[in-house]
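Numbers 0 to 549, taken from numbering that gives the first Met the number 0, label the letters of the sequence shown in order.
Even for Gly, the Cβ is constructed at its ideal location relative to N, Cα and C.
Model, not experiment: these values are computed from the prediction.
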Amino acid sequence: MTFFSSLAWTGISFVLFTALVAIISAWKTRDEQLDTAEGYFLAGRGLPGVVIAGSLLLTNLSAEQLVGLNGQSWKTNMGPIAWEVGSMFTLLVLAYYFLPKYLKMGAMTIPSLMEERYGRGTKTMFSVVIVVMYSILNLPVILYSGAVVFEQIFDISGIMGTSKFVAVAILCVIIGIIGGCYAIFGGLKAVAVSDTINGIGLIIGGLMIPFLGFAALSAATGGHGILDGVKYMIEADPAKMNAINAWNAPEPEVPWPLIITGMFFNNLYWWCTNQSFVQRSLAAKSLKEGQKGAIFCGFLKCLGPLYLVIPGIIAFYLPSIQDKLAAAGSSAIDFAYPALISEIVPKPVMGFFAAVMFGAILSSFNSVLNSASTIFTLNVWQPIWVKQASNNKVVKVGQIFGTVVGVVSIAIAPFVMFFGTGIMNFINECWGFFSMPLLTAVLFGLLSKKAPAIAPKIVIPVHIVLYGLTKVIPFFSRFHYLYVVFALFVLECIIYAICIKVSPRQLAWEMPDAKVMDMTPWKSGKVWAIAGAAVVAIMYLIFSPLGIGA
């Protein structure tokens, strides 16, 4: 097969699958009422559990995870599975603690809960912080990491005769425009439906990679099939298969105490209080369906190591890509997965895989863009400027703001290339400036009826200053940043406790009941929750010195 014919097959299969997703999404949302805030931002509160699970997974999963986690395992060992399987526990917390309270209140955004508990000033402060972080951090990183993958797959710079920077910039524009169309013109329902379809494709395409990788590894090491490739990976260096790292293991390794401390609370922020994630659960048609979505997503996350961690181990051993990775120098951690893909995926199906990747990238991009638009419109613009705006006006402003944010993120995205660190660590360390203040504000807002409005106003500047100091004082460089996150979480809990003791809210807060949906819990949910916890324990047992990891 010639280069041009293989490229044609790649392009055709890519366009066909991408078009299929767009057509199905448009058909499924043809009768949706997008002229109301609830219809546009929360899909009319009508999402079933399976759609919520798929949308939660795809909101979390994008190129920065595929590239970042596989890059971490390429450089370290199986430790990065903590980011995936550890999410099961935080999704259970979402299902059984946070979600019932959110849905009872009829919350549309996390900042709206801040206003309910702490007043308009706190809500506006958190809203602005979240929107800015989405615009200048999350969205650009999503676009950049996706562009890096497509540059490796299609060799855009080689075809066009341009630099990699220019090729990445062009790809950022294309991905941003298409993703923006879903989020800006289709609302949350179009985002969620496309997420579900892409989720099916991602499971198929993502699970295809380790098997192709095992076959390539077997062929390269004198084996005779996939099982020989698996055997080689396990036996070549058992330490590479270990997921239990020493307490003081350096980044990007994951020290084992972080699984139950810093990483747990970091995940608690993302899954239980981050608007772009929680918004999918807030759109549930009932508490039962919302709990189903969260728990089912936990099981899907437990499949994650198959396509988010193991391919990085395969890339470490595959001889044919070592020269490419060596040439990448210090950036090799973010090129391990794209190099593996371009090496092992057959050209006739490369287009399908590229379309699946494209869907995952679009999912995270349009989900975050939709959430940024939701927060700005409902929590900043409407309360301050036009309190009695019509539904049409609210939706229109949301679309305009989404367009502006999309353009800004596209302009910033190519320059992520010069940030000089692994994608996953970069985005998590940056969010470390704000994640714990957001988490503690929501947590104490729901836990305590007496938490005063002054508490989050004290915590935010204290956290930012202390976290910033740990980035410039050499002493703290010896500790994983998630240890710092956990220590600050504990400190902030103490600050809240002192505020409640010294200056409690004068009138005890009572949680309102919006009565917007059926609040009957999922009867079988606890059985599935226990099963999920057992799956996590078994996986850690396998990838430990008691299993196949030395």
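- Counting C-beta pairs with one atom in each stretch, the segment 64-81 and the segment 291-300 have fewer than three that are closer than 8 Å, which means they do not touch.
- Following the DSSP letters along the chain, one finds Asn241 in no alpha helix (DSSP H), marked with neither H nor E.
- In the structure shown, Pro254 falls within a strand segment according to DSSP collapsed to helix, strand and coil.
- Looking at the DSSP output, Ser285 sits in a beta bridge with Asp517.
- Between the beta-carbon of Pro473 and that of Pro455 there is about 31 Å, and that puts the pair past the 8 Å contact cut.
- Sequence-distant Cβ neighbours of Pro310 in its own chain, meaning closer than 7 Å and more than five residues away, are Asn69, Ile208, Pro209, Gly212, Tyr336 and Leu339.
- Straight across, the Cα-Cα distance linking Cys171 with Ile409 is about 6 Å.
- Secondary structure of Leu60 (DSSP, three-state): coil.
- An exposed status is given to Asn247, since fewer than 16 other beta-carbon atoms sit within 10 Å of its beta-carbon.
- Scanning Met516, Ile453, Thr260 and Leu267 for the CA closest to the CA of His479 turns up Thr260.
- With a contact defined as Cβ atoms closer than 8 Å, Phe263 and Gly67 miss out at about 19 Å.
- Distance between Ser61 and Gly53, taken at the CA atoms: about 13 Å.
- Remark: three or more beta-carbon pairs, one from each stretch, lie closer than 8 Å, so the segment 275-292 and the segment 82-102 are flagged as touching.
- Between the alpha carbons of Phe400 and Ala314 lies a distance of about 41 Å.
- Separation of Ala513 and Lys448 (C-alpha to C-alpha, rounded to the nearest whole angstrom) is 18 Å.
- With respect to Phe443, Ser126 sits apart: the two C-beta atoms are not nearer than 9 Å.
- The shortest CA-to-CA distance from Gly200 to any of Met349, Ile537, Ile312 and Pro544 is the one to Met349.
- Remark: C-beta atoms of Pro382 and Glu115 do not approach each other more closely than 9 Å.
- Using a 10 angstroms sphere on the CB of Asp517, the tally of other CB atoms stays under 16, which defines it as exposed.
- Restricting attention to Gly221, Leu90 and Thr108, the CA atom closest to the CA of Thr373 is found in Thr108.
- Three or more Cβ pairs closer than 8 Å define a contact, and the segment 516-530 falls short of that threshold against the segment 242-258.
- Rounded to the nearest whole angstrom, the CA to CA distance from Ser341 to Tyr117 is 51 Å.
- In the three-state reduction of the DSSP assignment, Leu46 falls in the strand class, which pools E and B.
- Nearest to Ile51 by C-alpha distance, out of Leu286, Ala215, Ile177 and Ala533, is Leu286.
- DSSP, reduced to helix, strand and coil, places His462 within a helical segment of the structure shown.
- Nearest C-alpha to Tyr306 among Asn273, Met356 and Ile332: Met356.
- Within the same chain, Cβ atoms closer than 8 Å to the Cβ of Ile225 are found at Phe210, Phe213, Ala214 and Ser217, the five residues on either side in sequence being excluded.
- Per the C-alpha coordinates, the member of Trp270, Thr220 and Trp82 positioned closest to Glu252 is Trp82.
- Non-local beta-carbon contacts of Val128 in its own chain, meaning distances under 7 Å to residues more than five positions away in sequence, involve Phe433 in chain order.
- For Lys323, the enclosing alpha helix (DSSP H) covers residues Gln321 to Ala327.
- Every unbroken stretch of the alpha helix (DSSP H) spanning 4 or more residues and falling wholly within the segment 123-157 is given here in chain order: 138-153.
- Rounded to the nearest whole angstrom, the CA to CA distance from Ile141 to Val167 is 12 Å.
- Sequence-distant Cβ neighbours of Trp269 in its own chain, meaning closer than 7 Å and more than five residues away, are Phe276.
- Relative to the Cα of Phe488, the nearest Cα in the group Ile22, Val441, Met232 and Lys103 belongs to Val441.
- Residue range Lys346 to Ile374 is occupied by the alpha helix (DSSP H) that includes Met349.
- Along the length of the segment 404-465, whole alpha helix (DSSP H) runs at least 4 residues long occupy 422-430 and 434-446, reported in chain order.
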